[in-house]
Amino acid sequence: MSGAALVWARLTPAGRILAVLLPVLAVGGALTTALLIVFGGAIAATIGANLPIVRFLAASVITFLITVPTAFLLIYMEMKIIALMNLRIGPDRIGPAGAVMSIVHGLKVLMKEDYTPPSVDVPVFTLAPVVVYLASFMTVMVIPFAPELTSVGLELGLLYFFAIGGLGVVGLMMAGWSSFNKYSLLGGIRAAAQAISYEIPLTLSVVGIVILTGTLSLPKIVAAQSGSLLDWFIFRQPLAAIIFFIAITAEANRTPFDNTEADQEIVAGFATEYSGMRFGFFFFAEYVNVFIVSALFSAVFLGGSNAPLVLPFHPEIIINLGSLGIMLPILAGIAPVIGTLVCAAPIWFASSRIKTWQALVAGFLIFGGLSTAAIGFWAWAMIPALGNLIWFLIKTFSLVFVFVWMRGTLPRARIDQLMGFAWKWLLPASLLNIFATALAVLLTTSGGN
Amino acid sequence: MTGLWYVLGFAGAGVSFVFLTIGLAWLISHRVRGSRGKQLPYESGIDTYGDTHGRFGLSFYLYALLFVAFDVEIVFIYIWALNFKVLLIDGLVSMAVFIGVLLIGLAYAWRKGVLSWR
Amino acid sequence: MPLPPTIPFIGITWADALFLLLGGVVLGSATLVVLGRDIIRNGLMLILTLGALAGIYVVLGASIVAGAQVLVYIGAISVLILFAIMLTQSKSASAQLNFQTQALPAALASALIGILLAVALGATQWGSTVYNDTPDPAGTATAAAVLFGPWLLAFEVASVLILAAVIGGIYLAMKPAESEEIEA
Chain A
20 MSGAALVWAR
30 LTPAGRILAV
40 LLPVLAVGGA
50 LTTALLIVFG
60 GAIAATIGAN
70 LPIVRFLAAS
80 VITFLITVPT
90 AFLLIYMEMK
100 IIALMNLRIG
110 PDRIGPAGAV
120 MSIVHGLKVL
130 MKEDYTPPSV
140 DVPVFTLAPV
150 VVYLASFMTV
160 MVIPFAPELT
170 SVGLELGLLY
180 FFAIGGLGVV
190 GLMMAGWSSF
200 NKYSLLGGIR
210 AAAQAISYEI
220 PLTLSVVGIV
230 ILTGTLSLPK
240 IVAAQSGSLL
250 DWFIFRQPLA
260 AIIFFIAITA
270 EANRTPFDNT
280 EADQEIVAGF
290 ATEYSGMRFG
300 FFFFAEYVNV
310 FIVSALFSAV
320 FLGGSNAPLV
330 LPFHPEIIIN
340 LGSLGIMLPI
350 LAGIAPVIGT
360 LVCAAPIWFA
370 SSRIKTWQAL
380 VAGFLIFGGL
390 STAAIGFWAW
400 AMIPALGNLI
410 WFLIKTFSLV
420 FVFVWMRGTL
430 PRARIDQLMG
440 FAWKWLLPAS
450 LLNIFATALA
460 VLLTTSGGN
Chain B
368 MTGLWYVLGF
378 AGAGVSFVFL
388 TIGLAWLISH
398 RVRGSRGKQL
408 PYESGIDTYG
418 DTHGRFGLSF
428 YLYALLFVAF
438 DVEIVFIYIW
448 ALNFKVLLID
458 GLVSMAVFIG
468 VLLIGLAYAW
478 RKGVLSWR
Chain C
339 MPLPPTIPFI
349 GITWADALFL
359 LLGGVVLGSA
369 TLVVLGRDII
379 RNGLMLILTL
389 GALAGIYVVL
399 GASIVAGAQV
409 LVYIGAISVL
419 ILFAIMLTQS
429 KSASAQLNFQ
439 TQALPAALAS
449 ALIGILLAVA
459 LGATQWGSTV
469 YNDTPDPAGT
479 ATAAAVLFGP
489 WLLAFEVASV
499 LILAAVIGGI
509 YLAMKPAESE
519 EIEA
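Protein chains in written order, with this note's numbering: chain A, 20 to 468; chain B, 368 to 485; chain C, 339 to 522.
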């Protein structure tokens, strides 16, 4: 046995992976560097000449990267928050406080058998989750995370949102029909009937805002709410906000409107015959939907990326790191050590029972927290998009929390109550809201003249 | 026009993502042939009985009919709302008449008991 | 280097290529709607046709029409059609369609439509209807000015038409239920 084989045999699996990966990475890195040196200018020129295309690619990739971790985060929130509300512990095994649990769930679904029952209509059965997922993924496109961070600010963004969102109904009916299962058919048709009933109040409730702003573009609607807290449409259109909230709850199939997957009545509804990843996509789409409707509510009614209070001053912290010259790496090396020691000293002096290493660890953590906060503050002050994004995410995730909270609290509505409510109460109320808004606009405009 | 490229690009990206993931799952998941029971539709442990695509409640269809009526109205009302500050009183009156006529349909449906689930 | 304005080797602009692609999808899926044997799949193909048609509207600069197309035709009317198919289909009555008994009238009708289309296509001055890039907001403003101006009567009559459809549909659908109530 040669020397190389002996070394190979003694390596752990992780070591073997590294032993293969490291040379590959080294060669790949060297090749990439060489290519960049040779063709870098040409690549930069191509990118510069095709900025719209580059922007498009970046937008699509980033939208993907948003949906996947968002869904995992939402699943974790749902598991943990409902568990805490039920006085249970919830996931606590994998990751800190079980935070990695939802990713493991995702991997589990990926590795499960994706079974196609022999009686189903295979093409329709396979395409149904695709349609459902597309209907939610494609609406992420118009969500204005921040004025600078919108994938595409379509002029008819709101109409696009409702039109594409309505496609999900077709996917649900496809799933229900093609499964050849009574529960699936009933679940699919229930889902479709519920979605179409609540789509009318949903689309009508925002008409008041369209009258006030004169646009359907989501970034412009957000811009119309800049200023003080009272400019938010939830305060100018409270009835619309209530109708809209109820309707999005129903559109996202959340409790108390989750009759489409009422386990006690119709097993898993339209997804009864699905398994594995095709089942996974239905629920992926569902969690993305919760995020999307929350994002839409915060964009349309909660001022989107606008801060609730506009600071009278704007901090400007200009740090020119380049002026430090050679001192920069030295400072970067020394600062954490000194910072840790400074933070550790008071803890160490405070009590003789605290061991030195404990004081050092605590000091390191405190210094890390402080410096992260300082850098975060600097980034918030210097990059407006970041501040806007943070406000938008705070509002959106507060709404997501409300949805989870409702699921932990409210019972399921009966389907007859649910359908009647949409047509007998929400539809007249939204029409009332439209005409009240129109009348108010009319009176104020003629008064101004 | 740019928007259309975005829409088509996103649709293409989404479809390929779904199929790549399903393909990946197909590669790494295990498959078992199973017995005859596995091939049956899952209907709570009872062998499937009768016609799967049997008749179901007519009320679903009537909801869809009402939905079409009000969906057509939504397109008009969006165009109207976008330009309301130009149309003003004339627009308000014409839209009130339009919706008033549609509400007769809703009232008829309500009276006939379509809105009450059966 | 920037992307060339036309596709290399073929020499048509990207917008035209998109138009051709969408037109191809419309024609292909429409053919499948007619020729398919499974009626649910035909309904789904119809949705694809309508979606590609919405894309063509966008290429032609009428985004609001495209939005309306997706919202009304795909979101509402297709759902209505699917409901109607699902209501009337069952395994005992085969899902396969059979048109054989209507072959002669169908042939006559399609020949007539074919002649009409040929005349219309031949008589139109296609050069004068080339799309010029119109900005979108002006599109809705014009649409509103026309809809609530000269075409106001047609607009109001449209609501009466919808009302008639709703009342007619409900009347036909609810009739048996009412007679049952009387009997009981």
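Think of the CB as a built atom: it goes at the ideal place given N, C-alpha and C, for glycine as much as any other residue.
- A:Ala354 and A:Trp397 have their C-alpha atoms some 18 Å from each other.
- When DSSP reads this structure, A:Pro163 sits in a beta bridge with A:Thr169.
- Under the 7 Å criterion on CB atoms, B:Phe386 is classed as non-interfacial with respect to chain C.
- When rounded, the separation of the alpha-carbon atoms in A:Met193 and A:Val307 is 20 Å.
- In this structure, the CA atom of A:Ala381 is about 38 Å from the CA atom of A:Gly48.
- Against chain B, the CB of A:Pro275 has no partner CB under 7 Å away; the residue lies outside that interface.
- Per DSSP, reduced to three states, the secondary structure at A:Thr222 is helical.
- Burial state of C:Pro488 is exposed, judged by a 10 Å Cβ sphere holding fewer than 16 other Cβ atoms.
- Using a Cβ distance threshold of 7 Å, B:Ala436 and C:Val504 count as a contacting pair.
- Using a Cβ-Cβ cut-off of 7 Å, C:Ser401 counts as an interface residue toward chain A, since at least one Cβ of chain A sits closer than that to its own.
- The C-alpha of B:Val460 is placed about 37 Å away from the C-alpha of A:Val159.
- Listed by position along chain A, the residues whose Cβ is nearer than 8 Å to that of C:Met424 are Met192, Trp196, Leu204, Ile208.
- Look at C:Asp376 here: in three-state DSSP terms it is strand.
- By the criterion of a C-beta distance shorter than 6 Å, A:Met104 is surrounded in its chain by Gly427, once the five residues flanking it on both sides are discounted.
- Residue environment: C:Gln463 is assigned as exposed (fewer than 16 neighbouring CB atoms within 10 Å of its CB, all protein chains considered).
- Only exposed fits A:Arg433, as fewer than 16 other CB atoms lie within 10 angstroms of its CB.
- DSSP places C:Thr351 in the strand class (E or B) of the three-state scheme.
- At a beta-carbon threshold of 7 Å, the residues of chain B lying near A:Lys131 are Ser396, ordered along the chain.
- Taking all protein chains shown into account, A:Trp444 has fewer than 16 neighbouring C-beta atoms within 10 Å of its C-beta and is therefore exposed.
- Not a single CB atom of chain C sits nearer than 7 Å to the CB of A:Ala269.
- Rounded to whole angstroms, A:Ser294 and A:Lys131 show a C-alpha spacing of 8 Å.
- Within the model, the alpha-carbon separation for A:Pro137 versus C:Gln440 is close to 34 Å.
- Taking 7 Å as the CB threshold, A:Ala457 lines the interface with chain B.
- For the set A:Phe83, A:Met120, A:Asp277, A:Pro32, the Cα lying nearest the Cα of A:Val423 is the one of A:Asp277.
- Taking a cut-off of 8 Å on C-beta distances, the stretch 381 to 390 of chain C touches the stretch 412 to 419 of chain C, as three or more cross pairs fall below it.
- With a cutoff of 7 Å on beta-carbon distance, B:Gly381 and A:Leu153 are scored as near each other.
- Closer than 7 Å to the CB of A:Val225 there is not a single CB belonging to chain C.
- For A:Val188, the nearest CB of chain C lies under 7 Å from its own CB, placing it at the interface with that chain.
- Remark: C-beta atoms of B:Val439 and C:Val498 do not approach each other more closely than 7 Å.
- In this model, A:Leu126 and A:Leu106 are separated by some 28 Å (Cα to Cα).
- The C-beta separation of B:Pro408 from A:Asn200 comes to about 4 Å, placing the pair in contact by the 8 Å criterion.
- A:Thr415 sits close to A:Ala314, with the two beta carbons spaced by under 7 Å.
- Not one beta carbon of chain B lies nearer than 7 Å to the beta carbon of C:Ser367.
- With a threshold of 16 other beta carbon atoms within 10 Å, A:Pro365 falls short and is exposed.
- By alpha-carbon distance to A:Leu461, the top candidate from A:Ile183, A:Ile230, A:Phe181 is A:Ile230.
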